[in-house]
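First the structure, in the form of structure tokens, and then the observations on it.
There are 2 protein chains.
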Amino acid sequence: MTSIEMIVAARARLHGHGRRTPLLTSPFLDEIAGRRVYVKAECLQHTGSFKFRGGWSALSGLAPDLRKRGVIAFSSGNHAQGVALAARRHDAPCVIIMPSDAPRLKIDNTRAFGAEVVLYDRAKEDRDAIGARLSEERGLTLVRPFDEPLVIAGQGTVGLEIAEQAEEEGIASAEVLVPCGGGGLSSGVALALEATAPGFTLRTCEPEHFDDTARSLAAGKVVRNAALAGSICDAIITPEPGRITLPILERLAGAGLVVTDEEALRAMALAFKRLKLVIEPGGAVALAAALFHGDRLNGGTAIAVASGGNVDTDLFTEALRRFG
Amino acid sequence: MTSIEMIVAARARLHGHGRRTPLLTSPFLDEIAGRRVYVKAECLQHTGSFKFRGGWSALSGLAPDLRKRGVIAFSSGNHAQGVALAARRHDAPCVIIMPSDAPRLKIDNTRAFGAEVVLYDRAKEDRDAIGARLSEERGLTLVRPFDEPLVIAGQGTVGLEIAEQAEEEGIASAEVLVPCGGGGLSSGVALALEATAPGFTLRTCEPEHFDDTARSLAAGKVVRNAALAGSICDAIITPEPGRITLPILERLAGAGLVVTDEEALRAMALAFKRLKLVIEPGGAVALAAALFHGDRLNGGTAIAVASGGNVDTDLFTEALRRFG
Chain S
1 MTSIEMIVAA RARLHGHGRR TPLLTSPFLD EIAGRRVYVK AECLQHTGSF KFRGGWSALS
61 GLAPDLRKRG VIAFSSGNHA QGVALAARRH DAPCVIIMPS DAPRLKIDNT RAFGAEVVLY
121 DRAKEDRDAI GARLSEERGL TLVRPFDEPL VIAGQGTVGL EIAEQAEEEG IASAEVLVPC
181 GGGGLSSGVA LALEATAPGF TLRTCEPEHF DDTARSLAAG KVVRNAALAG SICDAIITPE
241 PGRITLPILE RLAGAGLVVT DEEALRAMAL AFKRLKLVIE PGGAVALAAA LFHGDRLNGG
301 TAIAVASGGN VDTDLFTEAL RRFG
Chain P
1001 MTSIEMIVAA RARLHGHGRR TPLLTSPFLD EIAGRRVYVK AECLQHTGSF KFRGGWSALS
1061 GLAPDLRKRG VIAFSSGNHA QGVALAARRH DAPCVIIMPS DAPRLKIDNT RAFGAEVVLY
1121 DRAKEDRDAI GARLSEERGL TLVRPFDEPL VIAGQGTVGL EIAEQAEEEG IASAEVLVPC
1181 GGGGLSSGVA LALEATAPGF TLRTCEPEHF DDTARSLAAG KVVRNAALAG SICDAIITPE
1241 PGRITLPILE RLAGAGLVVT DEEALRAMAL AFKRLKLVIE PGGAVALAAA LFHGDRLNGG
1301 TAIAVASGGN VDTDLFTEAL RRFG
């Protein structure tokens, strides 16, 4: 289990390697939200998302002999890039397994960060079997995207920074809104806030129809999503909450928040105009919740994590065309 | 004249009110440039540009009785917004004089920051006469956009931060590339670097055909631009270098760098993709110089100031469409 001590240790290992991303504001956003809104600009993190923190925590926390053999991860998105760059900076071999129909750009980016990308055919091949074979042959350690204590500890460093930055800004209480897929970021941030900013409440944010965490929190048990595709918020779509992350959220998080794809696009256009930030749809759901679902919030101040900025040109242009 | 003591004092007054903007990097940009490139993301400053620093310095440095009467500025762009927000946060009245054909968005933004916007007809009215009348009637103090020691001192705080952040990153020598209009930012940064990072050389960056500073530095005298319109880099187009700023640059800056509009758009698209930053064309000329004019640089490391992010949706979309 991830403890606050593990998060503090992850932060010490991250020091000088990760970015302490800024907490940004705009009076225009405050006016729309009807409250003070802070945005934790994690899209400015290395590789364009918070996932670098978890990747770094996993690599730096691994025993040296295991690290030397290398790591493996299944991902076509932000987790792949975060693990790949963290591995390269540790001089550790890294294999990323991706479906062969993953976007070319994501494959190229992951290779550019130094990883060996192994492609598999979704229709014909078993991803897990390929991973197991490679792991065994080469002694690679699997880095899970969220159900992994070291990864949760790494993502929790976002929460330590929020607590510090909030204190610098004189914020005594707030709701902290976090985009939620498998729950690695939200559970890590919740643990960090519990220890360092107990006046803050964490709220998970998800896209409509893919709100497995909100429904699981409401039901008190794991509830799966009906579908696995069909949202523009691809970075935070998972079948169901994690087995490690959900119990943490059940203990610490408030009711989950849900936004529409259109609200996510609106939030992206506003972040462009008012914050000069590029946020991807999945990364914009927390800002969207702060701006458009204020009636569901309790506290006076909202702190929204903008968790990533890896968005295609076409989708970003669409957000600007429709709502810019 | 602006001194390093004035810049240090401006920074003390700015503390807790302005943002210490981050210094960002991307291995992809390094590869294009063939060198290490750092980007000082001043587009994340309040009001979306460094101009807030100069505005804050001017307002906070004014005698209290003068500040109470208020300030006045001529600008339809970033200077207007910087002065307006600084004035509002000082509870000081603020009048901004703009041409009546200024973009609606800029007028609205300046009003939203609390300023009284006075519009004049470019063809029929004398801007300076209107300003003089209002100043006399109300006792307003004029805040010049660049030829004003307090404003230069405020912009110079960017240089103090660059020197500090470079030391944190272990950068011993670098060329610091700065977008240059009237020269307020570049002369302020040059003075700050002279005192705090003497191994660094400042280089001004301008758009092609509007390179009055580069040509003035080369000629050893003031050279005007032939035209005043026709570049997409509107934020940094001035008739000629400032009377206060040019002598500072003559003493401290290297040869000026010049980029094309297309290179500025390319730099904007790369900042979108690799840094998750929104940069306006004029704010992107320094990054463009670092990326595409490396043959004109001497040092191994380039630090490019991204001076602002106030770009219209249409122009940003064009940059992404052509070069994204």
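Residue numbers (my numbering), protein chains in the order written: chain S, 1 to 324; chain P, 1001 to 1324.
Idealized CB from N, CA, C, for every residue including glycine.
Short CB-CB distance (under 7 Å) between residue i and chain S
{"i": "F1074 of chain P", "result": "no"}
{"i": "P1022 of chain P", "result": "yes"}
{"i": "V1278 of chain P", "result": "yes"}
{"i": "C1043 of chain P", "result": "yes"}
{"i": "G1324 of chain P", "result": "yes"}
{"i": "L1191 of chain P", "result": "no"}
{"i": "T1157 of chain P", "result": "no"}
{"i": "T1317 of chain P", "result": "yes"}
Any C-beta of chain P under 7 Å from that of residue i
{"i": "F292 of chain S", "result": "no"}
{"i": "F272 of chain S", "result": "yes"}
{"i": "G48 of chain S", "result": "yes"}
{"i": "L228 of chain S", "result": "no"}
{"i": "L265 of chain S", "result": "no"}
{"i": "T2 of chain S", "result": "no"}
{"i": "T196 of chain S", "result": "no"}
{"i": "L160 of chain S", "result": "no"}
{"i": "L320 of chain S", "result": "yes"}
Identified DSSP bridge partners for residue i
{"i": "R104 of chain S", "result": "Its beta-bridge partners do not exist; DSSP assigns none."}
{"i": "E116 of chain S", "result": "S:V95"}
{"i": "L202 of chain S", "result": "S:V176, S:A253"}
{"i": "R1036 of chain P", "result": "P:T1301"}
Check whether residue i and residue j have beta carbons under 7 Å apart
{"i": "L88 of chain S", "j": "G139 of chain S", "result": "The sequence given here has Arg at residue 88 of chain S, not Leu. Not a contact, by the Cβ cut-off of 7 Å."}
{"i": "R274 of chain S", "j": "S26 of chain S", "result": "yes"}
{"i": "A1253 of chain P", "j": "G1324 of chain P", "result": "no"}
{"i": "G1055 of chain P", "j": "A1010 of chain P", "result": "no"}
{"i": "E1280 of chain P", "j": "N1310 of chain P", "result": "yes"}
{"i": "A73 of chain S", "j": "V143 of chain S", "result": "yes"}
{"i": "F146 of chain S", "j": "T213 of chain S", "result": "no"}
{"i": "F1200 of chain P", "j": "A1174 of chain P", "result": "yes"}
{"i": "P1239 of chain P", "j": "R1251 of chain P", "result": "no"}
{"i": "V158 of chain S", "j": "F52 of chain S", "result": "no"}
{"i": "V1007 of chain P", "j": "I1162 of chain P", "result": "The amino acid at residue 1007 of chain P is misidentified as Val; the sequence shows Ile. Contact flag unset, no."}
{"i": "T1260 of chain P", "j": "E1318 of chain P", "result": "no"}
{"i": "H1090 of chain P", "j": "L1066 of chain P", "result": "no"}
{"i": "L1217 of chain P", "j": "G1256 of chain P", "result": "yes"}
{"i": "V305 of chain S", "j": "E42 of chain S", "result": "yes"}
{"i": "S100 of chain S", "j": "D121 of chain S", "result": "yes"}
Alpha-carbon spacing of residue i relative to residue j, whole angstroms
{"i": "G1016 of chain P", "j": "K276 of chain S", "result": "21 Å"}
{"i": "L1228 of chain P", "j": "V189 of chain S", "result": "51 Å"}
{"i": "P1149 of chain P", "j": "G1061 of chain P", "result": "11 Å"}
{"i": "A1290 of chain P", "j": "G1170 of chain P", "result": "19 Å"}
{"i": "K1040 of chain P", "j": "T1047 of chain P", "result": "16 Å"}
{"i": "P1093 of chain P", "j": "S1187 of chain P", "result": "28 Å"}
{"i": "G30 of chain S", "j": "V37 of chain S", "result": "According to the sequence shown, residue 30 of chain S is Asp rather than Gly. Going from the Cα of D30 of chain S to the Cα of V37 of chain S covers about 6 Å."}
{"i": "S1295 of chain P", "j": "C233 of chain S", "result": "The identity of residue 1295 of chain P in the sequence shown is Asp, whereas the question assumes Ser. Between D1295 of chain P and C233 of chain S, the C-alpha separation is close to 42 Å."}
{"i": "E1164 of chain P", "j": "F1028 of chain P", "result": "24 Å"}
{"i": "S1338 of chain P", "j": "T1021 of chain P", "result": "Any question about residue 1338 of chain P goes unanswered here, given that chain P covers just 1001 to 1324."}
{"i": "L105 of chain S", "j": "M98 of chain S", "result": "12 Å"}
{"i": "A112 of chain S", "j": "A102 of chain S", "result": "15 Å"}
{"i": "R1013 of chain P", "j": "N298 of chain S", "result": "35 Å"}
{"i": "G1300 of chain P", "j": "R1035 of chain P", "result": "6 Å"}
{"i": "F1210 of chain P", "j": "S1231 of chain P", "result": "8 Å"}
{"i": "E1168 of chain P", "j": "A1286 of chain P", "result": "22 Å"}
{"i": "D1314 of chain P", "j": "D314 of chain S", "result": "14 Å"}
{"i": "R321 of chain S", "j": "A1115 of chain P", "result": "29 Å"}
{"i": "G154 of chain S", "j": "A1264 of chain P", "result": "37 Å"}
{"i": "V176 of chain S", "j": "A197 of chain S", "result": "11 Å"}
{"i": "E194 of chain S", "j": "E5 of chain S", "result": "12 Å"}
Contact test: residue i Cβ vs the ligand GTP heavy atom, cutoff 6 Å
{"i": "A214 of chain S", "result": "Among the ligands in the structure shown, none appear at all, so the ligand GTP cannot be discussed."}
Exercise for review: With 8 Å as the limit, tell me which residues of the region 102–116 of chain S have their beta carbon closer than that to any beta carbon of chain P; keep them in chain order.
Suggested key: A112, F113
Review point. If you measure beta-carbon to beta-carbon, which residues of the region 281–315 of chain S are closer than 7 Å to chain P?
Key: Along the region 281–315 of chain S, going in chain order, the ones with a CB nearer than 7 Å to a CB of chain P are G309, T313.
**Study point:** chain S contacts made by the region 1116–1143 of chain P, where a contact means CB separation under 9 Å
**Key:** none
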